[in-house]
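A short write-up of the structure that comes next.
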Amino acid sequence: MAPINLSHRRTHNLLLISKLLSLRDTASPLTLVLDSLEQPATPLLKEYIRRAKLSKVHVTLIAFETLKQPDGVDAFVSTRRKSPADIVKEVSAVYQPVAASNPSRRRLILIDSINPLLNSKRVDPGFHLPSFLGSFIAPTSPSAKVDASLVVTYHQDVPELPQQSPYSPTPISELTYLSTSIITLHSFSHVLAQKAARDRSLAPPVFGLEEEQEGVLLGRLDRLVGTGKAEGIVIELEHRRKSGRGVLEWYLLPPASRYSPQHLKEIVTLLDDNVLYNPPMEQDPGAGDEEPTSTFELGLTDRQRREREGVVLPYFDAQHNDGPGEGGRILYDMGEEDDFDEEEDEI
Amino acid sequence: MSFRKRNIGLSPGVDRNAVPNAAAQLAAPETTPGIRPSPDDGRPTTSTGTRSLDNLLAGHAGLPMGKILLVEENGTTDFAGALLRYYAAEGVIQEQKVHVVGVPEQWGRSLPGLIGSAESLDEKRSDRRKDDRMKIAWRYERLGEFGAVAGSRGAPNNPGEQDTAAKEAPAFCHAFDLTKRLTHPSITNMYFIPVMSSKESPFLAILKQLQTAITSSAANTIHRIVIPSLLNPTIYPPNASQPEHVLQFFHALKALMSAHNTRVTAMITVPLSLYPRSSGLVRWIELLSDGVIELCPFPHSADAMATSGAATSQEEPPQGMLKTHRLPVLHERGGGSDQNVGQDWAFVLSRRRFEIKPFSLPPAEGDTEAQEASAPGGMPKKSDLEF
Amino acid sequence: MPSQPPLPPLLAPYVSNLPDSSLTLVSSILGATSNWLVLRFLHAALSSPSPNAAFGSDELHNGTKKKVVLVSFMRSYEFWRTEAKRLGLDLARLADKQQFAFIDGLSELFYAPQPTATPSISPSGLGSSPRTTLPMRSPPGAVPGRSPQPAWPTVTGARGNAMPKQAEPGIAKKLHFSGRGLASLDALEKDISSVIEQQKSSMEDGDELLLIIDQPDLLLAATGPSMGIGATEMSEWITALQQHAHATVLTLATDAPLIHNASTSGGLATPIETEHAALVIGLAHRARSVMQLRTLDTGAAKDVSGVLRISRGGGLNASEESLEEREALYFIQRDGGVKVFGRGES
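Just so you know, the sequences run in chain order D, C and P.
Quick note: the first sequence uses numbering that gives the first Met the number 0, first residue 0, plus one each step.
Quick note: the second sequence uses numbering that gives the first Met the number 0, first residue 0, plus one each step.
Quick note: the third sequence uses numbering that gives the first Met the number 0, first residue 0, plus one each step.
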């Protein structure tokens, strides 16, 4: 049952992430990417841009923190000293010539980080986040048919400033409510470390800022990554279908160095399919990859475990409720290996 | 590991047999009273008025000029206030200009009275100690004498000279008696800068007066800035604790100190029970200071103190812990290599001195035998000494 | 102890040859300050590469010439000069040769000590603060003494015209904060960028200018939201300055109260804490590398000053460049030399 289920999931969900990352069928007009210092969104945005290039999608980057126009970006909109309205205007302006020449082209708008806008002191209180984001997707002029997808990055670890109005929802809850897909990024090595801890019923480790150690901003260290096997980023996708149903899946995006920029086949895999995350069953379960091998065999094979469960302990029978005073007898069945001496031993 | 402090060899005034004047010449080449070069790197330092505090300051055996020392105190006690009074009194004795911020002039009249140079007091103490020597386990002996380690040079050691000598031969650090009142001709030279509440930063006027006083004074005048209980709401208006006021003040004070980095020192106390160390504001105040010291007094029950923390019966029980979070110059350079860093310190405030010494845990509470052995005045029983 | 090379070999790859338009963060805490590391950046950029070459022989070696503009909000020029001298860098000479410029953000940032020293900038509007118009009664020239900077009246032009050093030798410009909000930041930016442009005017192709800003977070802490300056404004300010420089190095405080209060105390954090955390974490997202200094977790030790962790920041272009992350211990010797070594080594 389980394998069938998994292959079903694999087919459907891989198709879904493929559609989302390649912006096919406007599967998600508004994608929210939640990242942190432990796993920045840069590799994922690069992947968006790469795929957009392959399928000739026009890419606009609204830069709140990027200094220079990255490769593959068609239009770079700096936001310094611009009001939200100005930004909207400029973003639609850079697309005008493209729209005129090739009306059917699709468009990808990336916002490298929405936090500065949300935390800005300069933005007037009348700033309305939903309509700001909406104005990118739904263009002002009805004649121009734009097929735009908006990808917004939000740094989860940057603290939110107190709300102007205590009754309105926080920006992050507004964002998550509005978006059609929410991608939360995790570092693969951290996911592995946390899984290993969970498998041992230990408290999962925390990294970086969550360690709350004075002077530590970032926790990632190459040592954790090990020999490079655990590279890549883990994508936790929450997608709302048009039908209203939700999909939740974990994926793994390999590092960009593993494939050529022209690579067309899907490179994202399910996290459950990963060998490091889900070691194959043939292997001794319980012995994780990073467990040190020792000269003592501490694990049990299945047969040994079954046999162990079959053993009846000496006091086992006494635990049956035979009434008070009845407990404490030792039940022992003589085996052939027992060298019973009538005179010495008494049962 | 050497038994001698490394800086002894470097100290110019180490020769105890030299005539006081010659020693003074060596110690203070600028002939400015109360200033001597640091044994660590030769920069001018001045005394905080508390010998053991001087010795704590990263091998400079004094507070380097141009530096701000922040003393924080937990709880409702006022040990930091005592340190501040010593600091102010030392300034008066050394005829430096003492600027006191935010307290009325009574504060100046309550400065502790002069006993003599700190060295002379130590001399007397160690005389007494000699008599006691047999009673003290040898390994504790040095601990008690911590205060006498680094700072005892360049000053007369003759206990007979005392009060009169203190004025003529320039002693670096003096000893004061908290129960007496300081009388000194230059005590009238203290400046009291009131805190006025204003719509703008209340520190503006303070800074202006400090600036004027320092820039308009003669070039060889040494200044001390004393700020008791900063941001205490009974002294400061509510808007003083706005970061743009208090942090700008600290920044400007830092600028003032670095502009006159051979003439000014400052010591500031902050009540931590009002402004906890875990707050960002206090952390910025600390970051803007050159030295940060935290006092954590023990709960003050006399009975509890009698049995806690005293290593031997000969030592007064500590009244609290002292933590050094940052030391002048040392941490500016990156920190680390000081021999005093990482020690646990305890402090004792008695009538005549504020002493900082290494903290050692008392015998375990349940260990009554050990406690009896260390009971006040109790000589070790003969049976204890026989093996 | 043998004297250490000015630039520990383990550190060298991280402080030299910073790529174009990169941002490097150096984070420090109360007990583990960053000044020594800033000096290493200075040394990596300014020292002549051949070990026995004296100053002035830079022209002999080919490759890029480097210039440094250091903006310091927490330390005086005096401090940097003395400490750099211990590493064999003569900042005064380098300033004369237009290789180095110091911008003083300490001495007159919030309170100008002399009424004659007019604020160098005329902020456009937004109500002038009384801070700039302190009437000072001190007679000019009254203090000839040993004070290293007898503050003579200087009028600093808004354009930073004429000479790069006006008031005191070595100091290219003193910053003054006035007004509030963006206008005041703009004025500071103009002052700094004018010095940068001045330096650039003597640059040849391929020369690189390194901008080091020492504790710009102070500016945020000492002004804050009530003066219309928040994390976003500060980080935009830094972006603007970054655009003038080849590479940028910032030092910032990451003390626990300034970083963790904002996330843990559930909305009860004070604005100074929230804004600081937003600025520092936001910048770490943009940075190429983050060099984090902290004290030993196990308490102080006699031969270890602290721990240095070098991490990749969010802005590192991982596909084009690799940066090895590592953690090492460091020890500042009494002579100013620094040892950087791995755990368990010495």
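Don't be surprised by glycine CBs; every beta carbon is placed ideally from N, CA and C.
Fair warning: this is a prediction, and the values are worked out from it, not measured in the lab.
Worksheet item: Whole-angstrom Cβ separation of C:S272 and C:I67, contact assumed at under 8 Å?
Response: 22 Å between Cβ atoms; not a contact.
Worksheet item: Who are the Cβ neighbours of P:E272 in its own chain at under 7 Å, not counting the five residues just before and after it?
Response: P256, L257, N260 and A261
Worksheet item: Nearest-angstrom Cα distance between P:Y13 and D:Q68?
Response: 25 Å
Worksheet item: Quick one: Cα of P:Y329 to Cα of C:R332, how far?
Response: 12 Å
Item to complete: Identify, in the order they occur along the chain, each residue of the same chain with its Cβ nearer than 6 Å to the Cβ of P:S15, setting aside the five sequence neighbours on each side.
Response: A43
Worksheet item: Where does D:S164 land, buried or exposed, given buried means 16+ other C-beta within 10 angstroms?
Response: exposed
Item to complete: Note down the Cα distance separating C:V225 from C:A87, rounded to an integer number of angstroms.
Response: 7 Å
Worksheet entry | Within chain C, partners of P:P256 - CB distance below 8 Å | R276, S277, S278, G279, V281 and R282
Worksheet item: Which residues, taken in chain order from the segment 216-232 of chain P, show a beta carbon closer than 8 Å to some beta carbon of chain C?
Response: L217, A220, A221, T222, G223, S225 and M226
Practice prompt. Given a cut-off of 7 Å, decide if C:V263 and C:H222 are closer than it, judged by their beta-carbon atoms.
Written response: yes
Worksheet entry | Inter-residue spacing [alpha-carbon to alpha-carbon] between D:A255 and P:W35 | 36 Å
Worksheet item: In three-state DSSP terms, what is P:F109?
Response: coil
Worksheet entry | Length at least 4, wholly inside the segment 255-325 of chain P: the alpha helix (DSSP H) runs in chain order | 255-258, 260-263 and 270-285
Discussion item. Going by C-alpha to C-alpha distance, which of D:G218, D:K52, D:H238 and D:R304 sits closest to D:L13?
Written reply: D:H238
Item to complete: With a 10 Å radius around its C-beta and 16 neighbouring C-beta atoms as the bar for buried, classify C:Q95 as buried or exposed.
Response: buried
Practice prompt. Could you name the residues of chain D that P:S262 contacts, counting a contact when the two beta carbons are closer than 8 Å?
Written response: D156, P158 and L208
Worksheet item: Per DSSP, C:P237 is paired with what?
Response: Paired residues: none, contrary to the question.
Worksheet item: Given 8 Å as the limit, is there contact between the segment 72-90 of chain D and the segment 14-29 of chain D, that is, 3 or more CB pairs closer than that?
Response: no
Worksheet item: How far does the beta strand (DSSP E) with C:L286 in it reach, from first residue to last?
Response: No beta strand (DSSP E) holds C:L286; the alpha helix (DSSP H) holding it covers G279 to L287.
Worksheet item: What are the residues of the segment 24-52 of chain D that lie near chain P, defined by any Cβ-Cβ distance shorter than 7 Å?
Response: L36, P39, T41, P42 and K45
Discussion item. Along the segment 55-87 of chain D, where does the CB come closer than 7 Å to a CB of chain P? Name the residues.
Written reply: E64, L66, K67 and R79
Fill in: chain P contact for D:L20 (CB, 7 Å cutoff)
no
Discussion item. Quick check: what's the CA-CA separation for C:S151 versus C:S46?
Written reply: Residue placement at C:S151 cannot be trusted, given a pLDDT of 40 that sits under 50; what the coordinates show is reported in the next sentence. Taking the straight line from one Cα to the other gives about 12 Å.
Practice prompt. Measure from the C-beta of C:E94 to each C-beta in chain P and report whether the shortest distance is under 7 Å.
Written response: no
Worksheet item: Can you give the Cα-Cα distance for P:K199 and C:S257, rounded to whole angstroms?
Response: 30 Å
Worksheet entry | P:Y329 (DSSP reduced to helix, strand or coil) | strand
Worksheet item: In chain C, which residues lie with their C-beta within 8 Å of the C-beta of P:E107?
Response: A254
Worksheet item: In whole angstroms, what separates the C-alpha of D:L36 from that of P:A186?
Response: 32 Å
Worksheet item: For P:M162, which residues of its own chain have a beta-carbon under 7 Å away from its beta-carbon, when the five flanking residues on both sides are left out?
Response: Residue confidence is low: P:M162 scores 40 on pLDDT, short of 50, so the model does not pin down where it sits. Its coordinate-derived value is still stated next. For P:M162, where only same-chain residues beyond five positions count, there are no Cβ hits under 7 Å.
Worksheet item: What is the rounded straight-line gap between the Cα of C:F346 and the Cα of C:S277?
Response: 23 Å
Discussion item. Please report the straight-line C-alpha distance between C:G279 and P:T269, rounded to a whole angstrom.
Written reply: 8 Å
Item to complete: With a cut-off of 8 Å on the beta carbons, I'd call P:G30 and C:H330 a contact; round off their distance for me.
Response: 7 Å
Fill in: Residue closest to P:E205, alpha-carbon to alpha-carbon, out of P:S177, P:L251, P:K65 and P:P7
It should be pointed out that residue 205 of chain P corresponds to Gly in this sequence rather than to Glu. Minimum Cα distance to P:G205 is reached at P:K65.
Practice prompt. Could you check what DSSP says for C:F78 in three-state terms: helix, strand or coil?
Written response: helix
Fill in: Assigned secondary structure, C:L56 (DSSP; H/G/I helix, E/B strand, else coil)
coil
Practice prompt. May I ask you to list the residues that DSSP assigns as paired with C:G115?
Written response: C:A174
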